[in-house]
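Our numbering numbers the first residue of the sequence shown as 404 and each following residue consecutively.
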Amino acid sequence: MVAEMQVKQAELEAELRNLLTYMNEDAPPVVAKRNALSSLTAQIALEKTKLSAPGDGKMNRTAAQYAELKARLQFAADLYKVSLSTFEKARVESAHKAKSLAVIVTPNLPEEAEYPRRLHILSSLAVGLLLLYGVVRLTQAIIEDHRT
């Protein structure tokens, strides 16, 4: 928290220097920036005294909490590294297995049957039977013609 306030203090100081390059010292924006800077400086000093107050041991608790959080962070980072390496091994193994299985054509269901072609078979059968009927009738006509 103090670090964030110090960053804000540095930003305010830079803005104040920028304002002073083209404004007088008693201009309202300059006075407002100085007031904000002085109040922020006072707040930073107050927070620093709260942190280092010997009476209630806040600094020790804060340091212990920091150490605990740092240990948790290290544990989480190690767990992440292990998980990432396991994931990479599984990905490499999967890629290796995928090389042996190549999809040539994606499978799909036909919209209509191609075989057997019923209409083609029926029309061919009808034409064949008509030709056979014609040959039989022609043969009968030839036989009748020879009898008479």
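Ideal Cβ positions, reconstructed from N, Cα and C, are used throughout, including at glycine. Since the model is a prediction, treat every value here as computed from it, not as a measurement.
Residues in the same chain with beta-carbon distance under 8 Å from residue i, minus the five sequence neighbours each way, listed in chain order, please.
| i | result |
| --- | --- |
| GLU418 | LYS436 |
| GLU450 | MET404, VAL405 and MET408 |
| THR465 | LEU454 |
| ALA544 | none |
Taking the C-alpha atoms as reference points, what is the distance between residue i and residue j?
| i | j | result |
| --- | --- | --- |
| MET426 | VAL434 | 11 Å |
| MET462 | ALA448 | 15 Å |
| ILE507 | ALA480 | 42 Å |
| GLY531 | LEU525 | 10 Å |
| SER503 | LEU512 | 25 Å |
| ALA537 | HIS523 | What sits at residue 537 in the sequence shown is Gly, not Ala. Those two C-alpha atoms are separated by around 21 Å. |
| THR424 | VAL410 | 22 Å |
Is the beta carbon of residue j closer than 7 Å to that of residue i?
| i | j | result |
| --- | --- | --- |
| LEU422 | PRO431 | no |
| GLN412 | LEU443 | yes |
| ALA439 | LEU415 | yes |
Once the 5 residues before and after residue i are set aside, which same chain residues still bring their CB inside 7 Å of it?
| i | result |
| --- | --- |
| SER441 | none |
(message) Please give me, in chain order, every unbroken run of the alpha helix (DSSP H) with length at least 4 that falls completely inside the region 429-476.
(response) Along the region 429-476, the alpha helix (DSSP H) occurs as fully enclosed runs of 4 or more residues at 431-454, listed in sequence order.
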